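Position 4, counted from 1, in the sequence shown is what our numbering calls 4; the numbers after and before it change by one each time, with no gaps. Heads up, the beta-carbon is just placed ideally off N, CA and C, and yes, glycines get one too. This structure is a prediction, so every number in the text was calculated from the model and none was measured.
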Amino acid sequence: MTLFQVKQRSTGVLLWVGPADSEGHALDVMAREAGFRDAAHLPVHVRYGGFRTARVVS
């Protein structure tokens with residue numbers, strides 16, 4: 001697995017860093033670790049503006 005980081009696009013706030021299979025999977029893993037079923041079930045105010053997901057370069 002690769003390490004990814006997820007930032008909120010509108011604010012630039014780093015929301016999560018962790019292992020995932022892909023960028024799309026990283027969003028779902030982040031949401032599950034926050035207690036939601038998947039990224040689609042995150043609150044609207046968190047999803048507002050979208051996300052920027054990128055691999056973490058070591």
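Checklist entry - How would you label Asp28, buried or exposed, when you count the other beta carbons within 10 angstroms and need 16 or more for buried? => result buried
Checklist entry - Quick one: what's Val6 bridged to in DSSP? => result Trp16 and Thr53
Item to check | Three-state class that DSSP yields for Met1 in the structure shown | outcome: coil
Checklist entry - Is the beta carbon of Trp16 sitting closer than 8 Å to the one on Gln8? => result no
Checklist entry - Going by the beta-carbon positions, is the gap between Arg32 and Asp38 smaller than 8 Å? => result yes
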